[in-house]
Amino acid sequence: MTAIKQFFEQHEKPIKIQYPEQFDPKWVVMESGWPCFKLSALDNQPWDKMHIEAESLLEYFKDHRMDYGKGWKSLTLHGVDDDTQSLDQYGDRKDVVKQLDWTWVAEQCPETKKFLTNVWPAEFLNRVRFMLLEPGGYIEPHQDRGDKEKRLSVCNISLNNPQGCKFVFKDHGIVPFEDKGSAFLMDISNVHAVFNNSNEPRIHMIIHYELGRRIRDFFYVLRQSYYTNRG
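Residue numbers (numbering that gives the first Met the number 0): 0 to 230.
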């Protein structure tokens, strides 16, 4: 906990993002250096229903990266099995990706599966997981990708985000997740940490994806979100 407290003392501040007048999707995703980007175009999704589905399965969540923190658990909707870790652990990535499929978890979560199938603007899903952080739980400062892989590459959706639960990026600040639900593209090459200083379980959903032939769909979501965020 000492490392968490020190990290938060140094980096806990509002994230400030300056939006250029013109929208450039490649610049936003690959070159902006932004730690996160809110997908405002997805604000009206039934996050509350997805939260209910995930919460009903709490007893099945698996411990996740116990060396990184406390009370951090996951449950896989789309992957190798319901406890899918980094794909690199399973062999050649190209071969592993071909094996990915819906798990039994997705069949228990029809609203969530419908969103991922019909709304999420990418052709291919890689790993998709519910991520639980128990009350009082924390995730120590870490980065999931190297500095040379800086880009907005995964989506982190708050199905809930209790007051007192904060996700902080080093040098940038607090990601403004909403308790009612919100979706952000994230650059996880930045060092980050999370602390759930509340009495409620925090449940997010993380989507790893490949656009495939749905580049245009992704472009429209990105553009609408950009101008909404910019105001």
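Even glycine gets a Cβ: it sits at the ideal position worked out from N, Cα and C.
| request: Can you tell me the Cβ-Cβ gap for isoleucine 156 and alanine 192, rounded? I've got them flagged as a contact below 8 Å. | output: Their Cβ separation, rounded to whole angstroms, is 19 Å, which puts isoleucine 156 and alanine 192 out of contact at 8 Å.
| field | CA nearest to the CA of leucine 99, picked from His77, Cys164, Asn198 | value | His77
| field | Residue burial classification, alanine 121 (beta-carbon count within 10 angstroms, cutoff 16) | value | buried
| message | Is it buried or exposed, asparagine 159, if we count other Cβ atoms within 10 angstroms and call 16 or more buried? | response | buried
| query | Going by the CB atoms, is the gap between glutamate 54 and cysteine 108 shorter than 8 Å? | reply | no
| task | Could you tell me whether the stretch 8-23 touches the stretch 195-210, using the rule of 3 or more Cβ pairs below 8 Å? | result | no
| request: May I have the straight-line CA-CA distance separating phenylalanine 7 from lysine 169, to the nearest angstrom? | output: 9 Å
| In or out: threonine 1 buried (at least 16 other Cβ within 10 Å) or exposed? | exposed
| request: Give me whichever residues DSSP pairs with glutamate 106 in a beta bridge. | output: Glutamate 106 pairs with nothing; no bridge assigned.
| task | Go ahead and pull the three-state DSSP assignment for aspartate 82. | result | coil
| said: What does the alpha-carbon distance come out to for the pair glycine 32 and arginine 150? | reply: 7 Å
| On the three-state DSSP scale, how would you describe valine 28? | helix
| task | For phenylalanine 218, I'd like the list of residues in its chain whose CB is within less than 7 Å of its CB, leaving aside the five on either flank, ordered along the chain. | result | Pro24
| Can the beta-carbon of leucine 131 be found less than 8 Å from the beta-carbon of isoleucine 206? | no
| query | Excluding the five sequence neighbours on either side, which residues of its own chain have a C-beta within less than 8 Å of the C-beta of histidine 141, listed in chain order? | reply | Tyr67, Val190, His191, Ala192
| task | Please say whether aspartate 80 and lysine 72 have beta carbons closer to each other than 8 Å? | result | no
| task | Could you work out which residue in Ser181, Val96, Pro13, Thr83 is closest to arginine 64 when comparing CA atoms only? | result | Thr83
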